[in-house]
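Line order of the protein sequences matches chains A and B.
The numbering of the first sequence is my numbering, which starts it at 1 and goes up by one.
The numbering of the second sequence is my numbering, which starts it at 167 and goes up by one.
All residues carry an ideal CB built from backbone N, CA and C; glycine is no exception.
Notes for the one structure printed next.
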Amino acid sequence: MSESRKREREELHAYQDGELPFYRRWRVERRIARDAAARREIASVAEIGALLREQAAAQPAPDLWDAVRAQLATAPRPAPIEADAELPARSPWLPGWLGAALAAASVAGVMASGVLAGDAAPVGSVRWIDANRKPVMVLQDDRDATIIWVIENPQETSGGARDAVA
Amino acid sequence: MRWLRRARAAAAAVLVLAVAGGATAQALVPREQGGFTSKAAKPSLHFQVTVLHASRSSGGIDPEAERFDRLLHDTIRYKSLRVVKSKERRVDLNEIERVALPTGQDFRFRPIDAGERGVLVAIDWKKTARGDFRLPRGKPLILGGQPYENGQLVVILEAE
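Spelled out as structure tokens, the structure:
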């Protein structure tokens, strides 16, 4: 498409959108009156514009959440995952009440600690932590101490053969 | 004696230039807070690494571990707590320091940054955990959980 043809087409679009001042609008109308190609172009532009306006005026897509929620309520629930026999559900090292509470909050605790440990946080020490896919708990992170406990498989207990002090 | 006057004027000019140059050079050298210029750009940081063994077997609390027992006994269940080793280390920024653990693995740490809010330290405890932690002065970082001899190891890192 030549540069002049491109400019003419842009002008037609601008005319259709009502963006032209009086004098340029008058010139475009004269061109439409004497040029069949310009008439076809403006008709095409008008058709596209009408289609777009029609779509814009159409109702918004229905909210499917209610239907999804209804199906969730009736859908069969998967069987609970059996506890891994090799990995105890809670650490024998933690008091029961603490283990249960912290197990639920551990991930959030780690994440929150990481987020809060930016420059604005005066206390939090944990920037990030990775425990090799093992559960990890930030048991305490205040002015006194930061206590982090990794829940290891007791059967992986190592040591005993080596000297305790290197 | 004109030459003598000229020589004195030249010597005075040289002296003025030398003093001014020295002052400029001094201003370009960054000073540490203590007012002394440092030879090395990296400040040496002082750390205390303590390795404890917490066990459910009876054995009591090691007197050297009483300070940590006060921090731990509310959250961790154990009957005995003893100090396995305690090391003081001077480490430069970005220098990796290793402390051998009785499990045969290394506890490694590397100070990344030091400021008024403490020392930012990267820690790598093989097969247990790794991460970055900010250690304010006097606030110990206590990492525990690695099984060892019917108990668990606890590594405590403190920046002093």
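Closer than 8 Å, CB to CB, is Arg7 of chain A near chain B or not? no
Just checking: is the beta-carbon of Arg274 of chain B within a distance shorter than 8 Å of some beta-carbon in chain A? no
Who are Arg274 of chain B's beta bridge partners in DSSP? B:Arg264 and B:Asp290
Show which residues of chain A have a CB atom less than 7 Å away from the CB atom of Thr216 of chain B. Chain A residues near Thr216 of chain B: none, gap ~12 Å exceeds 7 Å.
In whole angstroms, give me the CA-to-CA distance for Ala280 of chain B and Lys305 of chain B. 15 Å
Gln16 of chain A versus chain B: which residues are under 7 Å apart at the beta carbon? Within 7 Å Cβ-Cβ: nothing; Gln16 of chain A doesn't reach chain B, min ~59 Å.
If contacts are defined as beta-carbon pairs under 8 Å, then Val250 of chain B and Pro268 of chain B qualify, I think. What distance do you get, rounded to the angstrom? 6 Å
Do you know how far the Cα of Ala145 of chain A is from the Cα of Arg243 of chain B? 17 Å
6 Å Cβ shell around Asp298 of chain B - same chain, five flanking residues per side excluded: Ala288
Name the residues in the segment 234-260 of chain B whose C-beta lies less than 8 Å from a C-beta of chain A; which are they? Leu237, Leu238, Thr241, Ile242, Arg243, Tyr244, Val250 and Lys251
On a CA-only basis, which of B:Leu237, B:Gly311 and B:His212 is nearest Glu261 of chain B? Give me that one, please. B:His212
Using the DSSP secondary-structure output, state which residues sit across from Asp298 of chain B in a beta bridge. A:Trp128 and B:Ala288
Straight-line gap, Ala325 of chain B to Asp130 of chain A (C-alpha atoms, nearest Å): 22 Å
Contact criterion: CB-CB distance below 8 Å. Does Leu211 of chain B meet it with respect to chain A? no
Do you know how far the Cα of Trp149 of chain A is from the Cα of Val309 of chain B? With the sequence shown as reference, residue 309 of chain B is identified as Leu, and Val is not the correct amino acid for it. Going from the Cα of Leu309 of chain B to the Cα of Trp149 of chain A covers about 6 Å.
Does any CB atom of chain A fall closer than 8 Å to the CB of Arg303 of chain B? no
My guess is that Lys293 of chain B and Asp272 of chain B are in contact by the Cβ rule of under 8 Å, so how many angstroms apart are they, rounded? No, Lys293 of chain B and Asp272 of chain B are not in contact; Cβ-Cβ is about 10 Å, not under 8 Å.
Taking the DSSP output, what are the residues bridged to His212 of chain B? B:Arg256
Please report the residue range of the alpha helix (DSSP H) in which Glu3 of chain A lies. Glu3 to Gln16
Whole angstroms are fine: how far does the CA of Phe275 of chain B sit from the CA of Arg236 of chain B? 25 Å
So Arg222 of chain B packs on Gly317 of chain B, CB below 8 Å; how close in whole Å? 7 Å
If I measure Cβ to Cβ from Leu266 of chain B and keep anything under 7 Å in the same chain, skipping five residues before and after, which residues do I get? Before going further, note that residue 266 of chain B is Ala rather than Leu in the sequence given. Excluding residues within five positions, the ones whose Cβ falls inside 7 Å are Asp272.
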